[in-house]
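2 protein chains.
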Amino acid sequence: MKTTPPFLPLVRELVRTYQAFERVSAGHVRSMGLTPAQFDVVATLGNTQGMNPKQLGEKTLITKGTLTGVVDRLAEKGLVQRLPDPRDGRGQIVRLTAQGQALFETVFPAHVAHIGRALAGFDSARLGPTQQALHLLRQALEQAGGAEAEA
Amino acid sequence: MKTTPPFLPLVRELVRTYQAFERVSAGHVRSMGLTPAQFDVVATLGNTQGMNPKQLGEKTLITKGTLTGVVDRLAEKGLVQRLPDPRDGRGQIVRLTAQGQALFETVFPAHVAHIGRALAGFDSARLGPTQQALHLLRQALEQAGGAEAEA
DNA sequence: TATTGTTATACTCTATAACTATA
DNA sequence: TATAGTTATAGAGTATAACAATA
Chain A
1 MKTTPPFLPL
11 VRELVRTYQA
21 FERVSAGHVR
31 SMGLTPAQFD
41 VVATLGNTQG
51 MNPKQLGEKT
61 LITKGTLTGV
71 VDRLAEKGLV
81 QRLPDPRDGR
91 GQIVRLTAQG
101 QALFETVFPA
111 HVAHIGRALA
121 GFDSARLGPT
131 QQALHLLRQA
141 LEQAGGAEAE
151 A
Chain B
1 MKTTPPFLPL
11 VRELVRTYQA
21 FERVSAGHVR
31 SMGLTPAQFD
41 VVATLGNTQG
51 MNPKQLGEKT
61 LITKGTLTGV
71 VDRLAEKGLV
81 QRLPDPRDGR
91 GQIVRLTAQG
101 QALFETVFPA
111 HVAHIGRALA
121 GFDSARLGPT
131 QQALHLLRQA
141 LEQAGGAEAE
151 A
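Protein sequences, first through last, are from chains A and B. Counted from 1, the first sequence has number 131 at position 131 by this note's numbering; the numbering is strictly sequential. Counted from 1, the second sequence has number 84 at position 84 by this note's numbering; the numbering is strictly sequential.
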C-alpha cells in the first residue's frame, strides 16, 4: 500500500486555484472578443514601444510558429502592426496600433477591475504572504526546469 | 496617474507559478503519448469504477462536446471503453480498460515522481502553509464565480 | 419538456519541420 | 553557419448550436 506523496495536495490545490482564476478571467477575455493568447499578446505589448516576435514569444510562452498566426489575426483586426526592425533586416517589431492601444487602455483596466471584484472576498492582509508563498514555489519549479534541461 | 491594484502582483505570481508547473508537467505528459486533456481524463478515471461523461466533464472542466472527442481518441487507443448506464438509457459509463488501468498504474506514479523531483528544492515545511494559502485564494475566486453566474 | 450525449461547424492553438532571407 | 520569421502539415481542443434518444 502506497502513501500519497506529501506534495500532491499542494500541486492539486495550485491547479485548482489556477483553474478557478481562469474561469473568472477567460470568460471576461472572450467577452472582449479576444482569445486568451491574443489577450496575452495585447497585454504584453501594452505600455511598450513594441518588440520583436522572439521577445514576444518568450514573454507569452507562445512558440514562434504559433505566434505568427496569433499576430496575423491581431493584425487583421487592426490591433497590431509589423514594422521592419531597423537594426536587423531579418527582424521586425510588433507593436500596438492606435486602435490596439485604445483597446488596451479600455480593456485592460476593465479586466483588472473584473478580477478585483472576484477577489473582493479575499483578505487583503493575505495578499503579500500568499504571493511570497507562490514565489518560493515557483523558484523551486523553475530551478528544476533548468536542471532538467541540462540533464 | 493610476496606482497598480494591490492584488495584481499576486495574480501574476499565480499565473507564473502555474506556468512553471505546466512546463514541468506537460512535457512529461506528452512524453507518455497523452495530451494534457487525455491525461486528465485517465487520471480522473484511475481508481474509480468509471463514471458518466457528465461527471467526467465536471471533474476535468472539459465541456461535453469536446469530451466526446477526447474519449473517442482514448477509446481508439484502447485505454477507455464506453458501457451503457444500466440506470439511465440515455447515459453511459466511461471507464478504463485493463490496458488503460495498466497505463494509469505505470504512468501516474511516474508522473508523480517526476513532479516530486521538480519539487525537491522546495522546503517541505512550507507545503502545508502554501497549500492553505492557495486554498483561501481559491475559495474567494470560486465564491466570486458563483456570485457572477447569478448576476 | 428537460436532459444525455453525439454530431457538425468553424476557429484557434499546438508541435514540428522545412524553408527564406538575412547576418 | 546561425538566426529571424514564415509557411506547411497534421492533430487536438474550444465554443456553440442543432439533433436524437430517453426520462
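Backbone N, C-alpha and C fix where the C-beta goes; we use that ideal spot for every residue, glycine too.
Discussion item. Give me, in chain order, the residues of the same chain whose beta-carbon lies closer than 7 angstroms to that of Ala110 of chain A; leave out the 5 immediate sequence neighbours on both sides.
Written reply: none
Worksheet entry | His28 of chain B versus Phe21 of chain B - alpha carbon distance | 11 angstroms
Worksheet entry | Beta-bridge partners of Gln219 of chain A, as assigned by DSSP | Residue 219 of chain A lies beyond the residue range present for chain A, which begins at 1 and ends at 151; the question has no answer from this structure.
Fill in: Within-8 angstroms CB hit, Glu142 of chain B to chain A
yes
Item to complete: Compare the C-beta of Ile62 of chain B against all C-beta atoms of chain A and say whether one is closer than 8 angstroms.
Response: No - not a single Cβ of chain A is within 8 angstroms of the one on Ile62 of chain B.
Worksheet entry | Own chain residues within Cβ distance below 7 angstroms of Thr44 of chain A, not counting five before or after | Leu56, Lys59 and Thr60
Worksheet entry | C-alpha gap between Phe7 of chain A and Ala26 of chain B, whole angstroms | 18 angstroms
Worksheet item: Which same chain residues, not among the five before or five after Met32 of chain B, have their C-beta less than 6 angstroms away from its C-beta?
Response: Val107
Worksheet item: So, does the CB of Val29 of chain A fall closer than 8 angstroms to a CB anywhere in chain B?
Response: no
Worksheet entry | Continuous alpha helix (DSSP H) stretch holding Gln53 of chain A: start and end | One point to set straight first is that residue 53 of chain A is Pro, not Gln, in the sequence displayed. Looking at the DSSP string, the run of the alpha helix (DSSP H) that includes Pro53 of chain A is Pro53 to Thr60.
Worksheet entry | Under the three-state DSSP convention, the category Pro9 of chain A falls into | helix
Worksheet item: Below 8 angstroms between beta carbons: does that hold for Ala140 of chain B and Gly121 of chain A?
Response: yes
Worksheet item: Do three or more CB pairs link the region 119-138 of chain B to the region 126-140 of chain A at distances below 8 angstroms?
Response: Taking a cut-off of 8 angstroms on C-beta distances, the region 119-138 of chain B touches the region 126-140 of chain A, as three or more cross pairs fall below it.
Practice prompt. Within its chain, find whatever has a CB closer than 7 angstroms to the CB of Met91 of chain A; leave out the 5 residues flanking it on each side and keep chain order.
Written response: Per the sequence presented here, residue 91 of chain A reads as Gly, with Met not at that position. Around Gly91 of chain A: Asn52 and Asp85.
Worksheet entry | Coil, strand or helix - Gln132 of chain A by DSSP | helix
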